[in-house]
Every structure is written in C-alpha cells, then in structure tokens.
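Colleague: Below you'll find the structure I mean.
See the structure below:
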C-alpha cells in the first residue's frame with residue numbers, strides 16, 4: 406500500500422453526510438497526525454473552493470491508485 410504523504414490526494418472510504426461528502430470523494434492531506442494514524446484532509450471543488458476540512462482516521466481514507474477512475478458530481482450547494 407502506498408504511504409499517504411503530506412499534500413497528496415486521497416480517496417474518502419465512507420460517506421460523511423453531515424458535511425456533504427460521499428465515499429469516493431477526493432481530498433488533499435494538509436496535516437498528518439500520530440505517525441499516520443490520523444489526517445487532516447481538505448475537500449475542494451475543481452475550482453479550488455473548500456467544501457470541507459475533516460480530521461479522519463487512517464481507516465477512513467486511502468491513497469489514490471493508478472487503477473482509480475475519477476468521477477465528477479455536482480454539489481447541492483457550496484458554502
């Protein structure tokens with residue numbers, strides 16, 4: 406498995422409906438905690454507008470792989 410590094414893109418592994426995120430959404434790691442046990446991740450629109458910043462456990466994200474296919478979805482609303 407690829408080690409997740411600072412500023413790398415990750416994939417969300419489960420829905421976070423309270424902040425409008427869905428499994429498969431792509432975010433960027435902006436902080437790493439406790440030797441990769443936790444991560445601060447920013448989720449943005451294609452234009453770079455922040456949708457959510459979440460502190461997530463390592464089990465809630467994974468590194469992007471060469472076999473991943475990206476998909477675009479429209480948000481209900483962007484703050």
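Residue numbers (our numbering): 406 to 484.
The beta-carbon is built from N, C-alpha and C at its ideal position, and this holds for glycine as well.
#1: Beta carbon of residue 475, beta carbon of residue 431: below 8 Å?
#2: Residue 465 and residue 419: beta carbons closer than 8 Å?
#3: Please state if the CB of residue 469 and the CB of residue 434 are separated by a distance shorter than 8 Å.
#4: What does DSSP give as the partner residue(s) for residue 468 in the beta ladder?
#5: If residue 463 and residue 443 are in contact, beta carbons under 8 Å, what's the gap, nearest whole angstrom?
Modeller: With the given structure in hand:
#1: yes
#2: yes
#3: no
#4: 415
#5: 7 Å
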